[in-house]
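In the working numbering, the protein residues as written are 1460 to 1801. As C-alpha coordinates, the structure follows; a few thoughts come after it.
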(Lines of atoms letter the chains of each structure in order from A and count residues from 1; the text may use other names and numbers.)
(Lines give C-alpha, C1' and ligand atoms only; values in the text may rest on other atoms or scores of the structure.)
Protein backbone atom coordinates (compact mmCIF):
# COMPACT_ATOMS: atom_id res chain seq x y z
CA UNK A 1 0.00 0.00 0.00
CA UNK A 2 1.35 3.42 -0.95
CA UNK A 3 1.53 5.82 1.99
CA UNK A 4 1.72 9.55 1.31
CA UNK A 5 4.38 11.27 3.40
CA UNK A 6 4.75 14.98 4.12
CA UNK A 7 7.26 17.32 5.70
CA UNK A 8 6.49 18.13 9.36
CA UNK A 9 5.70 21.81 8.89
CA UNK A 10 2.70 24.09 8.53
CA UNK A 11 3.51 27.06 6.32
CA UNK A 12 1.99 30.46 5.62
CA UNK A 13 1.16 31.63 2.11
CA UNK A 14 1.55 35.04 0.54
CA UNK A 15 -1.90 36.40 -0.24
CA UNK A 16 -5.50 35.67 -1.18
CA UNK A 17 -4.46 33.40 -4.05
CA UNK A 18 -1.58 31.01 -4.52
CA UNK A 19 1.24 32.69 -6.40
CA UNK A 20 2.71 31.06 -9.50
CA UNK A 21 5.82 30.29 -7.47
CA UNK A 22 3.83 28.71 -4.62
CA UNK A 23 1.99 26.51 -7.12
CA UNK A 24 5.38 25.03 -8.02
CA UNK A 25 7.29 24.69 -4.75
CA UNK A 26 4.43 23.83 -2.38
CA UNK A 27 3.49 20.56 -4.14
CA UNK A 28 7.17 19.79 -4.74
CA UNK A 29 8.13 20.20 -1.07
CA UNK A 30 4.93 18.68 0.41
CA UNK A 31 4.30 20.50 3.71
CA UNK A 32 1.87 18.93 6.18
CA UNK A 33 -0.40 21.96 6.16
CA UNK A 34 -1.02 25.64 5.55
CA UNK A 35 -1.96 28.43 7.96
CA UNK A 36 -4.01 31.43 6.85
CA UNK A 37 -4.00 35.01 8.14
CA UNK A 38 -5.88 38.22 7.44
CA UNK A 39 -3.67 38.80 4.39
CA UNK A 40 -5.21 35.67 2.87
CA UNK A 41 -8.85 36.57 3.58
CA UNK A 42 -10.99 38.86 1.41
CA UNK A 43 -14.48 37.35 1.18
CA UNK A 44 -16.25 34.01 1.70
CA UNK A 45 -16.18 33.13 -2.00
CA UNK A 46 -12.52 34.11 -2.38
CA UNK A 47 -11.54 32.13 0.71
CA UNK A 48 -13.40 29.05 -0.48
CA UNK A 49 -11.62 29.30 -3.83
CA UNK A 50 -8.26 29.65 -2.05
CA UNK A 51 -8.87 26.55 0.09
CA UNK A 52 -10.01 24.61 -2.98
CA UNK A 53 -6.84 25.68 -4.79
CA UNK A 54 -4.68 24.62 -1.83
CA UNK A 55 -6.33 21.19 -1.90
CA UNK A 56 -5.92 20.94 -5.64
CA UNK A 57 -2.15 21.45 -5.35
CA UNK A 58 -1.48 19.82 -1.96
CA UNK A 59 -4.12 17.12 -1.56
CA UNK A 60 -7.61 16.76 -0.13
CA UNK A 61 -6.27 15.71 3.27
CA UNK A 62 -4.19 18.83 3.87
CA UNK A 63 -4.57 20.62 7.20
CA UNK A 64 -5.66 24.24 6.73
CA UNK A 65 -5.40 26.23 9.96
CA UNK A 66 -6.47 29.71 11.01
CA UNK A 67 -6.70 31.78 14.20
CA UNK A 68 -10.39 32.30 14.87
CA UNK A 69 -10.96 32.71 18.59
CA UNK A 70 -13.60 35.43 18.70
CA UNK A 71 -12.95 38.86 20.20
CA UNK A 72 -9.77 40.55 19.03
CA UNK A 73 -8.36 37.47 17.30
CA UNK A 74 -10.53 36.97 14.24
CA UNK A 75 -9.14 36.50 10.75
CA UNK A 76 -12.68 36.13 9.39
CA UNK A 77 -14.17 39.51 10.24
CA UNK A 78 -16.56 42.20 9.13
CA UNK A 79 -17.92 43.21 6.74
CA UNK A 80 -18.25 39.62 5.52
CA UNK A 81 -18.30 37.89 8.91
CA UNK A 82 -19.84 39.19 12.16
CA UNK A 83 -17.77 40.38 15.09
CA UNK A 84 -17.86 37.70 17.78
CA UNK A 85 -17.56 37.91 21.57
CA UNK A 86 -14.25 37.29 23.25
CA UNK A 87 -13.49 34.40 25.57
CA UNK A 88 -13.36 36.76 28.55
CA UNK A 89 -16.79 38.17 27.76
CA UNK A 90 -18.12 34.62 27.85
CA UNK A 91 -16.21 33.96 31.07
CA UNK A 92 -17.73 37.02 32.73
CA UNK A 93 -21.18 35.84 31.64
CA UNK A 94 -20.45 32.38 33.11
CA UNK A 95 -19.67 33.99 36.46
CA UNK A 96 -23.13 35.57 36.52
CA UNK A 97 -25.03 32.63 35.05
CA UNK A 98 -23.18 29.38 34.44
CA UNK A 99 -25.73 27.81 32.09
CA UNK A 100 -25.88 30.90 29.86
CA UNK A 101 -22.09 31.04 29.81
CA UNK A 102 -21.79 27.42 28.73
CA UNK A 103 -24.48 27.93 26.10
CA UNK A 104 -22.67 31.00 24.75
CA UNK A 105 -19.32 29.16 24.62
CA UNK A 106 -20.87 26.27 22.72
CA UNK A 107 -22.71 28.64 20.37
CA UNK A 108 -19.46 30.52 19.67
CA UNK A 109 -17.75 27.23 18.86
CA UNK A 110 -20.60 26.23 16.56
CA UNK A 111 -20.59 29.58 14.74
CA UNK A 112 -16.82 29.48 14.22
CA UNK A 113 -16.94 25.80 13.28
CA UNK A 114 -19.62 26.45 10.69
CA UNK A 115 -17.77 29.50 9.31
CA UNK A 116 -14.57 27.54 8.85
CA UNK A 117 -16.20 24.41 7.44
CA UNK A 118 -18.11 26.46 4.88
CA UNK A 119 -14.90 27.85 3.37
CA UNK A 120 -12.86 24.65 3.68
CA UNK A 121 -10.69 25.31 6.74
CA UNK A 122 -10.01 22.25 8.92
CA UNK A 123 -8.18 23.47 12.06
CA UNK A 124 -8.89 26.37 14.42
CA UNK A 125 -5.96 27.61 16.50
CA UNK A 126 -8.29 27.97 19.48
CA UNK A 127 -9.31 28.02 22.26
CA UNK A 128 -6.80 29.73 24.53
CA UNK A 129 -6.41 27.75 27.78
CA UNK A 130 -4.05 30.23 29.41
CA UNK A 131 -5.11 31.86 32.68
CA UNK A 132 -5.81 35.59 32.84
CA UNK A 133 -3.23 36.86 35.34
CA UNK A 134 -3.46 40.33 36.85
CA UNK A 135 -0.52 42.50 35.82
CA UNK A 136 0.76 40.16 33.10
CA UNK A 137 1.46 41.24 29.53
CA UNK A 138 -1.81 41.76 27.60
CA UNK A 139 -0.76 39.19 24.98
CA UNK A 140 -3.39 36.91 26.58
CA UNK A 141 -5.81 39.33 28.21
CA UNK A 142 -9.38 38.91 27.01
CA UNK A 143 -8.43 35.89 24.92
CA UNK A 144 -8.68 33.88 28.17
CA UNK A 145 -11.96 32.61 29.58
CA UNK A 146 -10.92 33.64 33.07
CA UNK A 147 -8.56 33.65 36.01
CA UNK A 148 -9.09 30.09 37.26
CA UNK A 149 -9.18 26.56 35.85
CA UNK A 150 -12.74 26.28 37.18
CA UNK A 151 -13.85 28.86 34.59
CA UNK A 152 -11.65 27.78 31.70
CA UNK A 153 -12.25 24.02 31.73
CA UNK A 154 -16.05 23.93 31.19
CA UNK A 155 -16.11 26.88 28.79
CA UNK A 156 -13.23 25.63 26.63
CA UNK A 157 -14.77 22.16 26.55
CA UNK A 158 -18.11 23.60 25.42
CA UNK A 159 -16.36 25.69 22.76
CA UNK A 160 -14.44 22.67 21.44
CA UNK A 161 -17.64 20.64 21.32
CA UNK A 162 -19.16 23.37 19.14
CA UNK A 163 -16.20 23.26 16.75
CA UNK A 164 -16.30 19.48 16.53
CA UNK A 165 -19.92 19.44 15.44
CA UNK A 166 -18.66 20.81 12.15
CA UNK A 167 -15.58 18.66 11.81
CA UNK A 168 -13.12 21.35 12.91
CA UNK A 169 -10.05 20.29 14.90
CA UNK A 170 -9.30 22.54 17.88
CA UNK A 171 -5.65 23.38 18.52
CA UNK A 172 -5.50 24.49 22.16
CA UNK A 173 -2.86 27.01 23.15
CA UNK A 174 -0.38 27.87 24.53
CA UNK A 175 0.88 24.69 26.22
CA UNK A 176 2.01 24.49 29.03
CA UNK A 177 0.56 27.94 29.75
CA UNK A 178 1.72 31.51 29.18
CA UNK A 179 -0.77 33.54 31.17
CA UNK A 180 2.01 34.67 33.53
CA UNK A 181 4.30 36.20 30.92
CA UNK A 182 5.46 39.78 31.41
CA UNK A 183 6.86 40.06 27.89
CA UNK A 184 5.14 39.60 24.54
CA UNK A 185 6.65 36.54 22.83
CA UNK A 186 6.07 38.20 19.46
CA UNK A 187 8.98 40.46 20.41
CA UNK A 188 11.10 38.75 23.09
CA UNK A 189 11.41 35.55 25.11
CA UNK A 190 9.40 35.46 28.37
CA UNK A 191 10.55 33.53 31.43
CA UNK A 192 8.04 31.90 33.78
CA UNK A 193 9.66 32.05 37.22
CA UNK A 194 6.66 30.66 39.13
CA UNK A 195 7.59 27.33 40.78
CA UNK A 196 6.37 24.25 38.95
CA UNK A 197 4.70 23.09 42.15
CA UNK A 198 2.40 26.13 41.89
CA UNK A 199 1.89 25.87 38.12
CA UNK A 200 0.70 22.28 38.48
CA UNK A 201 -2.17 23.48 40.69
CA UNK A 202 -3.22 26.39 38.50
CA UNK A 203 -1.95 27.25 35.01
CA UNK A 204 -1.41 23.66 33.93
CA UNK A 205 -4.76 22.27 35.07
CA UNK A 206 -6.78 23.27 31.95
CA UNK A 207 -4.25 21.59 29.66
CA UNK A 208 -4.66 18.37 31.65
CA UNK A 209 -8.43 18.49 32.02
CA UNK A 210 -9.93 19.94 28.83
CA UNK A 211 -11.08 17.15 26.52
CA UNK A 212 -12.15 16.99 22.90
CA UNK A 213 -8.87 17.44 21.03
CA UNK A 214 -5.37 15.99 20.99
CA UNK A 215 -3.76 18.98 19.24
CA UNK A 216 -1.88 21.68 21.14
CA UNK A 217 0.29 24.69 20.26
CA UNK A 218 3.40 25.50 22.27
CA UNK A 219 4.16 28.61 24.27
CA UNK A 220 7.41 30.39 23.43
CA UNK A 221 8.49 30.60 27.07
CA UNK A 222 11.33 29.48 29.31
CA UNK A 223 10.62 27.45 32.44
CA UNK A 224 13.99 27.50 34.24
CA UNK A 225 13.21 24.39 36.30
CA UNK A 226 13.00 22.48 33.00
CA UNK A 227 15.56 24.13 30.73
CA UNK A 228 17.18 27.42 29.77
CA UNK A 229 15.92 27.04 26.21
CA UNK A 230 12.48 28.08 24.95
CA UNK A 231 10.00 25.26 25.53
CA UNK A 232 9.43 25.09 21.76
CA UNK A 233 13.09 24.16 21.21
CA UNK A 234 13.74 22.25 24.43
CA UNK A 235 13.93 18.48 24.18
CA UNK A 236 13.54 18.29 27.94
CA UNK A 237 10.57 20.68 27.83
CA UNK A 238 8.69 18.80 25.11
CA UNK A 239 9.37 15.51 26.90
CA UNK A 240 7.95 16.98 30.13
CA UNK A 241 4.89 18.28 28.28
CA UNK A 242 4.11 14.80 26.98
CA UNK A 243 4.69 13.28 30.42
CA UNK A 244 2.55 15.88 32.17
CA UNK A 245 -0.31 16.38 29.72
CA UNK A 246 -0.35 13.18 27.69
CA UNK A 247 0.85 12.44 24.20
CA UNK A 248 -0.66 14.68 21.54
CA UNK A 249 0.06 16.41 18.26
CA UNK A 250 2.29 19.31 19.30
CA UNK A 251 2.52 22.27 16.92
CA UNK A 252 4.99 25.06 17.54
CA UNK A 253 3.82 28.62 17.82
CA UNK A 254 5.07 30.69 14.90
CA UNK A 255 8.84 30.43 14.51
CA UNK A 256 9.14 33.93 13.05
CA UNK A 257 8.32 35.48 16.43
CA UNK A 258 10.95 37.48 18.28
CA UNK A 259 11.11 34.94 21.11
CA UNK A 260 12.90 32.48 18.80
CA UNK A 261 16.42 33.22 17.57
CA UNK A 262 18.68 31.90 14.84
CA UNK A 263 18.55 31.44 11.11
CA UNK A 264 15.44 30.09 9.43
CA UNK A 265 17.04 26.68 9.21
CA UNK A 266 18.09 26.72 12.88
CA UNK A 267 14.64 27.76 14.07
CA UNK A 268 12.98 24.90 12.21
CA UNK A 269 15.50 22.13 12.85
CA UNK A 270 15.95 22.92 16.56
CA UNK A 271 12.17 22.87 17.03
CA UNK A 272 11.71 19.51 15.34
CA UNK A 273 14.81 18.04 17.00
CA UNK A 274 13.27 18.95 20.37
CA UNK A 275 10.35 16.64 19.61
CA UNK A 276 7.69 19.04 18.34
CA UNK A 277 5.56 17.22 15.76
CA UNK A 278 4.90 20.13 13.41
CA UNK A 279 6.84 23.37 13.02
CA UNK A 280 4.77 26.47 12.23
CA UNK A 281 6.33 29.09 9.97
CA UNK A 282 3.84 31.79 9.08
CA UNK A 283 5.60 34.77 7.55
CA UNK A 284 8.46 35.78 5.31
CA UNK A 285 9.33 36.14 1.67
CA UNK A 286 8.72 33.39 -0.86
CA UNK A 287 12.33 32.30 -0.55
CA UNK A 288 12.28 32.34 3.27
CA UNK A 289 9.15 30.22 3.47
CA UNK A 290 10.57 27.77 0.93
CA UNK A 291 13.76 27.54 3.00
CA UNK A 292 11.71 26.80 6.11
CA UNK A 293 9.87 23.93 4.44
CA UNK A 294 13.12 22.52 3.06
CA UNK A 295 14.72 22.74 6.52
CA UNK A 296 11.98 20.56 8.01
CA UNK A 297 13.64 17.56 6.38
CA UNK A 298 12.46 14.84 4.06
CA UNK A 299 8.74 13.98 3.89
CA UNK A 300 8.19 11.57 6.77
CA UNK A 301 4.84 12.18 8.47
CA UNK A 302 1.37 11.08 7.48
CA UNK A 303 -1.67 13.31 7.62
CA UNK A 304 -4.67 12.51 9.77
CA UNK A 305 -7.91 11.69 8.03
CA UNK A 306 -9.84 14.96 7.85
CA UNK A 307 -12.92 15.09 10.01
CA UNK A 308 -16.18 15.07 8.10
CA UNK A 309 -17.25 18.68 7.70
CA UNK A 310 -20.63 20.34 7.47
CA UNK A 311 -21.94 23.80 8.11
CA UNK A 312 -25.06 25.40 9.47
CA UNK A 313 -27.92 26.29 7.16
CA UNK A 314 -28.04 30.10 6.92
CA UNK A 315 -31.26 30.35 8.93
CA UNK A 316 -29.80 28.35 11.84
CA UNK A 317 -26.53 30.29 11.74
CA UNK A 318 -28.52 33.52 11.81
CA UNK A 319 -30.46 32.32 14.84
CA UNK A 320 -27.25 31.47 16.72
CA UNK A 321 -25.72 34.85 15.89
CA UNK A 322 -28.89 36.63 16.98
CA UNK A 323 -28.81 34.70 20.26
CA UNK A 324 -25.19 35.74 20.85
CA UNK A 325 -26.03 39.35 19.95
CA UNK A 326 -28.77 39.44 22.61
CA UNK A 327 -26.48 38.22 25.39
CA UNK A 328 -25.60 40.85 27.97
CA UNK A 329 -21.83 40.68 27.44
CA UNK A 330 -19.44 43.18 28.96
CA UNK A 331 -18.88 45.30 25.84
CA UNK A 332 -15.99 47.24 27.42
CA UNK A 333 -13.73 44.20 26.94
CA UNK A 334 -13.70 44.26 23.14
CA UNK A 335 -10.56 45.33 21.27
CA UNK A 336 -11.03 44.86 17.49
CA UNK A 337 -7.53 46.02 16.55
CA UNK A 338 -5.60 42.80 17.21
CA UNK A 339 -4.03 41.19 14.15
CA UNK A 340 -0.84 39.46 15.27
CA UNK A 341 0.19 35.89 14.56
CA UNK A 342 -0.83 33.04 16.82
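By construction, the Cβ of each residue, glycine as well, lies at the ideal position given by its N, Cα and C atoms.
- Here the C-alpha atom of residue 1688 lies approximately 42 Å from the C-alpha atom of residue 1783.
- Scanning its chain for C-beta atoms nearer than 7 Å, with the 5 sequence neighbours on each side dropped, one finds around residue 1552 the residues 1559, 1560, 1563, 1786 and 1788, in chain order.
- Rounded to the nearest angstrom, the gap between the Cα atoms of residue 1610 and residue 1588 is 10 Å.
- Here the region 1473-1481 makes contact with the region 1509-1516; the two share three or more CB pairs at distances below 8 Å.
- Measuring C-alpha to C-alpha distances from residue 1616 to each of 1719, 1566, 1485 and 1780 identifies 1566 as the nearest.
- In the same chain as residue 1607, and ignoring 5 residues on each side of it, the C-beta atoms closer than 8 Å to its own belong to 1590 and 1661, in chain order.
- Contact between the region 1746-1756 and the region 1494-1512 is absent: fewer than 3 CB-CB pairs across the two stretches fall below 8 Å.
- By the CB criterion at 8 Å, residue 1691 and residue 1663 fall outside the cutoff.
- Per DSSP, reduced to three states, the secondary structure at residue 1625 is coil, with no helix or strand assignment.
- Three or more pairs of CB atoms, one per stretch, sit closer than 8 Å, so the region 1706-1717 contacts the region 1674-1685.
- Beta-carbon to beta-carbon, residue 1523 and residue 1580 are separated by about 5 Å, close enough to satisfy the 8 Å threshold.
- Our two residues, residue 1497 and residue 1525, have alpha carbons roughly 9 Å apart in a direct line.
- Look at the beta carbons and you see the region 1635-1645 touching the region 1593-1603: at least three pairs across the two are nearer than 8 Å.
- If you ignore the 5 residues before and after residue 1491, its C-beta comes within less than 7 Å of the C-beta of 1465, 1466, 1467, 1468, 1469, 1522, 1737, 1760 and 1762, all in its own chain and listed in chain order.
- For residue 1674, the enclosing beta strand (DSSP E) begins and ends at 1674-1677.
- Annotation: the region 1579-1645 contains the following complete segments of the beta strand (DSSP E) (minimum length 3 residues), in chain order: 1628-1634.
- Non-local C-beta neighbours of residue 1621 in its own chain, meaning closer than 7 Å and more than five positions away in sequence, comprise 1565, 1566, 1567, 1568, 1569 and 1572, ordered along the chain.
- One alpha carbon belongs to residue 1542, the other to residue 1602, and they sit about 14 Å apart.
- When secondary structure is reduced to three states using DSSP, residue 1733 falls in the coil class, being assigned neither helix nor strand.
- Rounded to the nearest angstrom, the gap between the Cα atoms of residue 1540 and residue 1686 is 43 Å.
- Relative to residue 1511, the option among 1482, 1657 and 1529 whose CA is nearest is 1482.
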